[in-house]
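Taking it in order: structure first as structure tokens, then the write-up.
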Amino acid sequence: MEERYRQKVRTYIKNGQITARTRAILQKELIECGLSKERARAIEVEETYRWEVQRYRRDGQTPDRDILESIRNTFSVLKSRAQRIEEEVIKAEKSYRQEARKYIRNGQVLATGQDALQEARVIRGLFQERAQEIEAEELYRQEVRKYISDGQISETEQDKLEPVQNDLGLSETRVREIETEELYRRKVERFIRNGQVSEAKRVEIERIRINLRLSLENAQEIEAEVIEAETIYRREVRNYLKDGQVLAMGRTILQNIRISRGVSSWKTQKIETEEIYRQDVQKYIRNRLIFATGQFILDDKRKKLNLLEQDANEIELEELKAYNDRVFPQWDEYQQRWQKYDRIRATTIRQEKRSNLSSRAKQELETVLAIIQPDEIQFHPEEKDWLEERSWIRDKAWLEEGAEFPRLQRLLEAEDWEEANRETFSKLLEIAGRQEQGYLTARDIEFLPIATLRRIDDLWDKNSGGHFGFTAQRKVWEMVDKDIQIFSDRVGWYKNNSWVSDDLIIFSLTIAPKGHLPVVPHRGWWCFTGGIRAIIQKLTSYSI
Numbered sequence: 247m248e249e250r251y252r253q254k255v256r257t258y259i260k261n262g263q264i265t266a267r268t269r270a271i272l273q274k275e276l277i278e279c280g281l282s283k284e285r286a287r288a289i290e291v292e293e294t295y296r297w298e299v300q301r302y303r304r305d306g307q308t309p310d311r312d313i314l315e316s317i318r319n320t321f322s323v324l325k326s327r328a329q330r331i332e333e334e335v336i337k338a339e340k341s342y343r344q345e346a347r348k349y350i351r352n353g354q355v356l357a358t359g360q361d362a363l364q365e366a367r368v369i370r371g372l373f374q375e376r377a378q379e380i381e382a383e384e385l386y387r388q389e390v391r392k393y394i395s396d397g398q399i400s401e402t403e404q405d406k407l408e409p410v411q412n413d414l415g416l417s418e419t420r421v422r423e424i425e426t427e428e429l430y431r432r433k434v435e436r437f438i439r440n441g442q443v444s445e446a447k448r449v450e451i452e453r454i455r456i457n458l459r460l461s462l463e464n465a466q467e468i469e470a471e472v473i474e475a476e477t478i479y480r481r482e483v484r485n486y487l488k489d490g491q492v493l494a495m496g497r498t499i500l501q502n503i504r505i506s507r508g509v510s511s512w513k514t515q516k517i518e519t520e521e522i523y524r525q526d527v528q529k530y531i532r533n534r535l536i537f538a539t540g541q542f543i544l545d546d547k548r549k550k551l552n553l554l555e556q557d558a559n560e561i562e563l564e565e566l567k568a569y570n571d572r573v574f575p576q577w578d579e580y581q582q583r584w585q586k587y588d589r590i591r592a593t594t595i596r597q598e599k600r601s602n603l604s605s606r607a608k609q610e611l612e613t614v615l616a617i618i619q620p621d622e623i624q625f626h627p628e629e630k631d632w633l634e635e636r637s638w639i640r641d642k643a644w645l646e647e648g649a650e651f652p653r654l655q656r657l658l659e660a661e662d663w664e665e666a667n668r669e670t671f672s673k674l675l676e677i678a679g680r681q682e683q684g685y686l687t688a689r690d691i692e693f694l695p696i697a698t699l700r701r702i703d704d705l706w707d708k709n710s711g712g713h714f715g716f717t718a719q720r721k722v723w724e725m726v727d728k729d730i731q732i733f734s735d736r737v738g739w740y741k742n743n744s745w746v747s748d749d750l751i752i753f754s755l756t757i758a759p760k761g762h763l764p765v766v767p768h769r770g771w772w773c774f775t776g777g778i779r780a781i782i783q784k785l786t787s788y789s790i
């Protein structure tokens, strides 16, 4: 019953006072609610203080602490209760502002939203004067959003906004604050991707904030709104995206989100384009064509969508990671176990060859191998299928140290670099069980026996005088501090902002850059999805 009385008090407070006429009405309400005079008086004092707090928050200002303290003392409101009321007002205003944005269209509050806003105002304890001011501010804000172009408001557009300001009765101070907030919103919007700002862009955003003289608190609030708006819009696009198009039934919903959340047309178009591309990427990942035919189809799709190559690459890597996290959730554990298994197995083979491993030592090693055997791990169904395709590697592979590749050796000794390059790739596909697919992934490299990679590397290194081979590539990789783009340029795979075609690969020891060979097809995908990194790391990790 206290809440009922509190709502009545809010209705009858005018200009921070309860008149004698309304006092009589409240007296009757007090009796019906069964409240004591003392409790009723306490509620009246609290609500009068609430009105004063809202009055001093007009024009977007933060009330002066000394003024509020004086008012609190005048009404004898407990300090703890006063602080709670102030927090409630801030929360109520923010919530009401968001509610108002839902119903503002074309310079007015929709008729369908009048009742909803009235209910929201009462529930949140906002007095009518403050609620009307918030609505006016949001009406002006929506007009400002129309006229912002390239992160600024021209003089011509400013002239169009002036009569809007006058009609709404907003102060010059408040409209300038709204304009500044929206300018910052538009600039920040361009730096946010997938709900976050990169550290590289953070410095630039801070410079913009300082130039606009926007408080840190206000800036952080706007950033949070932009991130939330993008997240919601992106989620809804995904809900209504089918076969590369947004369904008609979703257009109205997306339009309402765009307007109410203040998302620019530029940003919404970018989000939709990215999600259309993402849908195709997901399809090719599921069908395991991402590194083969899908590469060329996606590149054509990217160009048709006018999507930047950098944005496309980020989407591809995001989806590959998401797929791996979903289908291979225990990959790290599995990988670590195979690394241990590989080391111990390689040691066993080497010691056996040297005939200096006792029968007891052999038995102990076999016991350890049985304990760390990765097969006991429970896998996702898709992961299990993927691993079973390579299960024969564990039976046939773990090739003995010193495994020979006679044809490759003859080709390298004859310095037939082109045919040796083809033979190398062919052997890697054969050992990985990927002849049918015709390509390798970073994950395939994890299943290649270390002895195989070492032997191939040794043959290239020896016959080229250290100019070609995985070791040569590792040295370049470390020299450029593991920067994949600089590495690709140094070894001659990437020139003039594009990946060199197969017919431009240099099969000459005297002309080709160090580490140029061996090289695989689809070099761009191979590099950016971790193929070359996987080989280098595997060779480095297994230095036994």
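Just so it is clear: in the sequence shown, position 106 is 352 by the working numbering, and no numbers are missing. Where a beta carbon is used, it is the ideal one built from N, C-alpha and C, also for glycine. This one's a predicted model, so the numbers in the text were calculated from it and none came from an experiment.
Can you tell which of the options has its C-alpha closest to the C-alpha of residue i?
{"i": "V472", "options": "I505, T294, D704", "result": "I505"}
{"i": "V421", "options": "K547, N440, G359, A382", "result": "A382"}
{"i": "T320", "options": "T294, Q491, R436", "result": "T294"}
{"i": "I782", "options": "N457, K721, H762, S744", "result": "K721"}
{"i": "G508", "options": "A558, A470, I522", "result": "A470"}
{"i": "K516", "options": "I531, D703, R548", "result": "R548"}
{"i": "E669", "options": "R250, A266, W706, R343", "result": "W706"}
{"i": "R481", "options": "E518, D526, D312", "result": "E518"}
{"i": "Q442", "options": "E474, L462, E423", "result": "E474"}
{"i": "P759", "options": "E332, R484, Y740", "result": "Y740"}
{"i": "E463", "options": "V449, G496, S444, E427", "result": "E427"}
{"i": "L686", "options": "R252, R779, L407, L276", "result": "R779"}
{"i": "R301", "options": "E365, Q378, E401", "result": "Q378"}
{"i": "A288", "options": "L694, A678, E315, E249", "result": "E249"}
{"i": "Y393", "options": "E365, D413, G280, I424", "result": "I424"}
Alpha carbon to alpha carbon, how far is residue j from residue i? Give it in angstroms, no decimals.
{"i": "G415", "j": "P409", "result": "10 Å"}
{"i": "D749", "j": "Q528", "result": "31 Å"}
{"i": "S417", "j": "Q411", "result": "8 Å"}
{"i": "G738", "j": "I751", "result": "8 Å"}
{"i": "F373", "j": "R367", "result": "7 Å"}
{"i": "V255", "j": "D361", "result": "21 Å"}
{"i": "E435", "j": "L675", "result": "45 Å"}
{"i": "R387", "j": "R311", "result": "28 Å"}
{"i": "V323", "j": "K274", "result": "24 Å"}
{"i": "R673", "j": "K567", "result": "Rather than Arg, the amino acid found at residue 673 in this sequence is Lys. In a straight line, the C-alpha of K673 is about 28 Å away from that of K567."}
{"i": "R709", "j": "T698", "result": "According to the sequence displayed, residue 709 carries Asn and not Arg. Using only the alpha carbons, I get a separation of about 17 Å."}
{"i": "E432", "j": "E476", "result": "A small correction: the amino acid at residue 432 is Arg; Glu does not occupy that position in the sequence shown. Cα to Cα, R432 sits roughly 12 Å from E476."}
{"i": "R304", "j": "E384", "result": "14 Å"}
{"i": "K784", "j": "W723", "result": "14 Å"}
{"i": "Q354", "j": "N743", "result": "51 Å"}
{"i": "Q681", "j": "A660", "result": "26 Å"}
{"i": "E555", "j": "E445", "result": "21 Å"}
{"i": "E339", "j": "R376", "result": "9 Å"}
{"i": "Y569", "j": "Y530", "result": "11 Å"}
Could you round the C-beta distance between residue i and residue j to whole angstroms and report it? I think they count as a contact, below 8 Å.
{"i": "L363", "j": "E345", "result": "6 Å"}
{"i": "N667", "j": "V765", "result": "6 Å"}
{"i": "F651", "j": "R700", "result": "With 8 Å as the limit, F651 and R700 do not qualify as a contact, their Cβ atoms being about 12 Å apart."}
{"i": "I264", "j": "E290", "result": "6 Å"}
{"i": "E298", "j": "I317", "result": "5 Å"}
{"i": "E521", "j": "L487", "result": "6 Å"}
{"i": "V483", "j": "L460", "result": "Rounded, the Cβ-Cβ distance is 30 Å, inconsistent with contact."}
{"i": "G761", "j": "A718", "result": "4 Å"}
{"i": "I478", "j": "I503", "result": "6 Å"}
{"i": "I380", "j": "R343", "result": "5 Å"}
Ignore the nearest five residues each way along the sequence and tell me which others in residue i's own chain have a CB closer than 7 Å to its CB.
{"i": "T268", "result": "Y258"}
{"i": "S850", "result": "Because the chain here runs from 247 to 790, residue 850 falls outside it and cannot be looked at."}
{"i": "A465", "result": "Y430, R455"}
{"i": "Y792", "result": "Only positions 247 to 790 of the chain appear in this structure, which leaves residue 792 out of reach."}
{"i": "R296", "result": "I331, V335, G371"}
{"i": "E389", "result": "G353, L407, V410"}
{"i": "I451", "result": "V434, F437, V443"}
Looking only at its own chain, which residues have a Cβ that is under 8 Å from the Cβ of residue i, when we skip the five neighbours before and after it?
{"i": "K447", "result": "F437"}
{"i": "I732", "result": "V726"}
{"i": "A494", "result": "none"}
{"i": "F753", "result": "W663, E664, N667, L763"}
For residue i, list the residues DSSP reports as bridge partners.
{"i": "L487", "result": "V492"}
{"i": "W512", "result": "Partner(s): none; W512 has no beta bridge."}
{"i": "K741", "result": "S744"}
{"i": "K260", "result": "Q263"}
{"i": "R439", "result": "Q442"}
{"i": "S395", "result": "Q398"}
{"i": "R351", "result": "Q354"}
Looking at residue i and the ligand GTP, is the gap between the Cβ and the nearest heavy atom below 7 Å?
{"i": "K447", "result": "For the ligand GTP, the structure offers nothing, since it holds no ligand at all."}
For residue i, I'd like the list of residues in its chain whose CB is within less than 6 Å of its CB, leaving aside the five on either flank, ordered along the chain.
{"i": "G777", "result": "A688"}
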